[in-house]
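J.: Here it is, the structure, as structure tokens.
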């Protein structure tokens, strides 16, 4: 899923400064699962903004609404009934896709992103998320014991490890496991070292960001 | 008993205490049975475990005019639901940081641990917390 985290409250306060009526739009997708932008987090942020406004002695009305997703126009248009309320600003608590879609659907509205979209990953434990994919567009993890060297190696090496690997950790940080250490351990225990030792050729990065912004259109699904 | 609201005449603090039914709530009951005095400003909310204590409950309380909020749960290691009180303390610490970020004193929210047999301790917690809130003065939200 997409992992995101809330922006610092001071930055969010700059979005609402001078506004009297705002709409906070939560998302029931990835950001609910990673506890960043769901109904609950919207409630907490709305409450904090109201408390801040009360402290400053300025009026601020914060309405809250949760959409099923903010990456599909059919859900974005569920905002239409709310648009009659004439909000001074719409704050999206989805990943960056949400505020972009809202701004595109309602070009007259001032839309702000409340979250920083961080990475594609999964939960290691409750409250801990880690990066596992860089959406390179050509998955090759089967060649590396099911581990992704693109997202988990700091240098995205395809023929590692590098000289910065020590004690199973990456030279970038002792918090980061050297994925190449993990890969070698995995293929050793699998008994597949022989086939693993062949040199990995240069990856075609055109399917990644190097090919420019990406788009998929499936004929069988188009109306 | 009414606390002296020294620097703010006419103001009496509003304090909400979220009390676990297995310990703090019983301790408050015992404090009453023992005729121990504690500030009348402390209003008790019964919860099944401090694991039920949620950040949003405390925030709503502050929005509605509370000057201080505390959660009181079982002694660490004695939670009826294993770790409800540990989770509550983490939420309280999270809330302290959130309140500070919008200019509210983090001391307005606290977590306490006590057992059901500690009636005098409950009265002491209620007195001390209320005194601290009196020292802080009215919630910044009361400016409006």
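Residue numbers (the numbering used here), protein chains in the order written: chain A, 1 to 223; chain U, 224 to 367.
Built from N, CA and C at the ideal position, the CB exists for glycine as well.
Please tell me whether residue 326(U) has its Cβ less than 7 Å away from any Cβ of chain A.
T.: Within the second chain, numbered from 1, the residue matching residue 326(U) stands at position 103. Residue 326(U) counts as touching chain A.
J.: Residue 172(A): beta carbon under 6 Å from a heavy atom of the ligand FAD?
T.: This structure lacks the ligand FAD, and indeed carries no ligand of any kind.
J.: Can you confirm whether residue 54(A), when its beta carbon is compared against all beta carbons of chain U, has any partner nearer than 7 Å?
T.: To locate residue 54(A), count along the first chain from 1; it is residue 54. Answer yes: the Cβ-Cβ gap between residue 54(A) and chain U drops below 7 Å somewhere.
J.: Which of helix, strand or coil does DSSP assign to residue 122(A)?
T.: To locate residue 122(A), count along the first chain from 1; it is residue 122. Reduced to three states, the DSSP call for residue 122(A) is strand.
J.: Assuming residue 231(U) and residue 360(U) are in contact, meaning their beta carbons sit under 8 Å apart, how far apart are those beta carbons, in whole angstroms?
T.: Position 8 of the second chain holds residue 231(U). Position 137 of the second chain holds residue 360(U). With a Cβ gap of about 6 Å, residue 231(U) and residue 360(U) count as contacting.
J.: Rounded to the nearest angstrom, what separates residue 247(U) and residue 272(U) at their Cα positions?
T.: Along the second chain, one-based indexing puts residue 247(U) at 24. Along the second chain, one-based indexing puts residue 272(U) at 49. Cα to Cα, residue 247(U) sits roughly 10 Å from residue 272(U).
J.: Where does residue 245(U) fall in DSSP's three states?
T.: Here residue 245(U) is taken as the residue at index 22 of the second chain, counted from 1. It is coil, neither helix nor strand.
J.: From this set, 314(U), 343(U), 266(U), which residue's C-alpha is nearest residue 236(U)'s C-alpha?
T.: Stepping through the second chain from its first residue, residue 236(U) is reached at position 13. It is 266(U) whose Cα lies nearest to the Cα of residue 236(U).
J.: Short of 6 Å in beta carbon distance, which residues of its chain neighbour residue 131(A), apart from the five on each side in sequence? Order them along the chain.
T.: Here residue 131(A) refers to the residue found at position 131 when the first chain is read from its first residue. The answer, listed in chain order, is 119, 121, 151.
J.: If you measure from the beta carbon of residue 224(U) to each beta carbon in chain A, is any gap under 7 Å?
T.: In the second chain, counting from the first residue as 1, residue 224(U) sits at position 1. Since pLDDT at residue 224(U) reaches only 47, below the 50 mark, its modelled position is unreliable, and no value is offered.
J.: For the putative contact between residue 225(A) and residue 154(A), defined by C-beta atoms under 8 Å, what is the C-beta separation to the nearest angstrom?
T.: The question about residue 225(A) has no answer here: the residues shown for chain A are numbered 1 through 223.
J.: Which whole runs of the alpha helix (DSSP H) in the stretch 246–295 of chain U are 4 residues long or more, in chain order?
T.: 247–256, 278–286
J.: With distances taken Cα to Cα, identify the nearest neighbour of residue 52(A) among 84(A), 16(A), 40(A).
T.: Residue mapping note: residue 52(A) aligns to position 52 of the first chain, counting from 1. That would be 16(A), whose Cα lies nearest to the Cα of residue 52(A).
J.: Identify which residue in 56(A), 147(A), 178(A) has its Cα closest to the Cα of residue 187(A).
T.: By one-based count along the first chain, residue 187(A) stands at place 187. Of 56(A), 147(A), 178(A), the residue nearest in Cα terms is 147(A).
J.: Please confirm if residue 12(A) has its CB atom under 7 Å from at least one CB of chain U.
T.: Here residue 12(A) refers to the residue found at position 12 of the first chain. No - not a single Cβ of chain U is within 7 Å of the one on residue 12(A).
J.: Cutting at 8 Å between CB atoms, please list the residues of its own chain near residue 157(A), excluding the five before and the five after it.
T.: In the first chain, residue 157(A) corresponds to position 157, counting from 1. These residues qualify, in order along the chain: 149, 180.
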